[in-house]
Structure formats: structure tokens, C-alpha cells
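In UniProt numbering, the protein residues as written are 1 to 254.
Glycine included, C-beta positions come from ideal geometry on N, C-alpha and C.
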């Protein structure tokens, strides 16, 4: 089984496989980069952060065939990828596959966003973000962004409100809010750990923004940092232990 290591947890490349939906449809308005701010080409930045490995790499530009808007996957509940994940890990529990896909997607968002903002002072424009038709990989049609000052409110809006909450709204399987926000928090800390390993010179801003985000809105109470190395204990379980041979994650509360 292939895995990518994000900090102290092993997140299976379940991020390569996931998707599902819910009873109530909600219309989400995605915020584009402000027209009054300077758009800039961030292709060199995206190339640089992709060298960190793992979930930091985004596909940029190129042939649009084989990709679709990620908002389409949100509306469809990521059903195709969830079903593929359930089959891949030989489980009969849709909620397990759903949680793993949700966790993987959060990691794929936090990683490049944190690296761009903390390492380069820019935020990528995720308005037109796309997902691979047959996987979990993400693509930016254009490598554009804007200069920003890091703030937990900005990052929370970009990742949680603009993407992870629409993801959750489309799910056809009911998962506890505490589990979902716990997944987002776990992916955040894992991405921060990986960024710290790649850019130890950014220790102070990484630790500060991670702690600030863990105290922001619905992430508050999701877990606690236990060391200077950003070891984390979450207060909910991602359900990985329920797949055959799954075991427990490094931040598992069980």
C-alpha cells in the first residue's frame, strides 16, 4: 500500500481516490482574487514548493483533458473517489472511505497554501481549482496569486470555508462535525510538520499560524499541540483503524 508521510501520521494515498453527497444542497460562492489587488504569476513559487514532496505539488496548466472543476466533485459528494477508496481498502463502511478521502483532500489544500503564504507571502488563486477525473490530484489552470500578509482568518476562509465546508455539505454519508473538523485540523498539523521539515527557517511563523488556526472558529477544540515539533493529539478519530490492517494514526485519541 503506497503512503505519503505527513508529519507524524501516515496518510495513505487515499488522496488518490475519493468523493460523496448529502440531503440538502447548498449554493457556495467561491471568492476569486480581489480585482483591486495585483495578480501575479506564481509559477516559479509553485515549482519551488513542489520540491518539498508529498502533497505540496499541484499540477499547473497543461492539457485540461482529464480534469474537472473541484466544485463539481463537491456537489456530487466525491462519490466516485469514496467508492474507489472503499473498494481499494476492502471495507464495507462508506463512512470510513468518506473520512479518508476528506482527510486526504484537506492535506492537499493545506500543504501548498501554507507553503505559498508562509514561505513566499503570496496566496494561490484557488477559484478555478480542478480535480483529476480518476484520482484526487489537484490542478491550477493558471499559476496566479496575490501578495498577502499571513493571517489565520485568511487561511481558514481559503481552506475551510471555501473548500472543506462545501465538501462536507455534499456528502451522502453522515459524519460527525467533530470528526470532519478533526480531519481538517489533523491535515493542517501534518502539512505544517512537513513544511517545517522542508523549511526549518520558517519555524516561528509555521508554529504561530498553526496554533492560531487551531484556535479559530470550528477548529477550536479539535486537538492540542504537544511538542515544539508540532506533535498533535486530536480529539476525534479519522476511522482509519477500521479498515483491514489499518492500525492507528500517530495523533489518534483511541
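{"Item": "Nearest to residue 134 by alpha carbon, out of 177, 142, 85, 128?", "Value": "85"}
{"Item": "Bridge partners of residue 40, per DSSP?", "Value": "145"}
{"Item": "Determine whether the beta carbon atoms of residue 234 and residue 251 lie at a separation below 8 Å.", "Value": "yes"}
{"Item": "Can you tell me where the beta strand (DSSP E) holding residue 232 begins and where it ends?", "Value": "232-234"}
{"Item": "Give the single residue among 143, 70, 123 whose Cα lies nearest to the Cα of residue 151.", "Value": "123"}
{"Item": "With DSSP as the reference, label residue 199 as helix, strand or coil.", "Value": "coil"}
{"Item": "Starting from the C-beta of residue 216, find all residues in its chain whose C-beta is less than 8 Å away, skip the five residues before and the five after it, and write them out in chain order.", "Value": "152, 153, 156"}
{"Item": "Leaving out five residues before and five after residue 244 in sequence, what residues of the same chain have Cβ atoms less than 8 Å from its Cβ?", "Value": "89, 90, 91"}
{"Item": "Going by C-alpha to C-alpha distance, which of 42, 218, 223, 220 sits closest to residue 117?", "Value": "42"}
{"Item": "By DSSP, does residue 134 sit in helix, in strand, or in coil?", "Value": "coil"}
{"Item": "According to DSSP, is residue 59 part of a helix, a strand, or is it coil?", "Value": "strand"}
{"Item": "Work out the CA separation of residue 201 and residue 50 for me, nearest whole Å.", "Value": "17 Å"}
{"Item": "Helix, strand or coil for residue 94 per DSSP?", "Value": "helix"}
{"Item": "Compute the distance between the beta-carbons of residue 146 and residue 61, then report whether it is under 8 Å.", "Value": "no"}
{"Item": "Could you name the residues that DSSP lists as bridge partners for residue 253?", "Value": "Its beta-bridge partners do not exist; DSSP assigns none."}
{"Item": "Quick check on this structure: which residue in 148, 100, 87, 77 has the alpha carbon closest to the alpha carbon of residue 39?", "Value": "148"}
{"Item": "Would you mind listing the alpha helix (DSSP H) stretches within the segment 64-127 that are 4+ residues and don't spill past its ends, in chain order?", "Value": "70-75, 79-88, 94-120"}
{"Item": "Below 8 Å on the Cβ atoms is my guess for residue 186 versus residue 232; work out the distance and round it to an integer in Å.", "Value": "7 Å"}
{"Item": "Quick one: using the 10 Å Cβ neighbour count with 16 as the cut-off for buried, is residue 204 buried or exposed?", "Value": "exposed"}
{"Item": "Between the alpha carbons of residue 258 and residue 166, how many angstroms are there, rounded?", "Value": "The structure shown has nothing for residue 258, since the chain only spans 1 to 254."}
{"Item": "Roughly how many angstroms lie between the CA atoms of residue 179 and residue 63, to the nearest whole one?", "Value": "36 Å"}
{"Item": "Figure out for me which residue from 94, 181, 228 has the closest Cα to the Cα of residue 172.", "Value": "94"}
{"Item": "Apart from the five residues on each side of it in sequence, which residues of its chain come closer than 7 Å, Cβ to Cβ, to residue 29?", "Value": "With a pLDDT of 40 at residue 29, under the threshold of 50, the modelled position of that residue is not reliable, and the figure given next carries that caveat. Within the same chain, residue 29 has no close Cβ partners at all."}
{"Item": "How big is the Cα-Cα spacing for residue 15 and residue 253?", "Value": "Because the pLDDT at residue 15 is just 35, under 50, the model does not fix this residue reliably, and the point stays unresolved."}
{"Item": "Looking only at its chain, what residues have a beta carbon closer than 6 Å to the beta carbon of residue 223, apart from the 5 residues adjacent to it on each side?", "Value": "185, 232, 233, 234, 235"}
{"Item": "In this structure, how does DSSP classify residue 45 when only helix, strand and coil are distinguished?", "Value": "helix"}
{"Item": "Taking all protein chains shown into account, do 16 or more other C-beta atoms lie within 10 angstroms of the C-beta of residue 247, making it buried, or fewer, making it exposed?", "Value": "exposed"}
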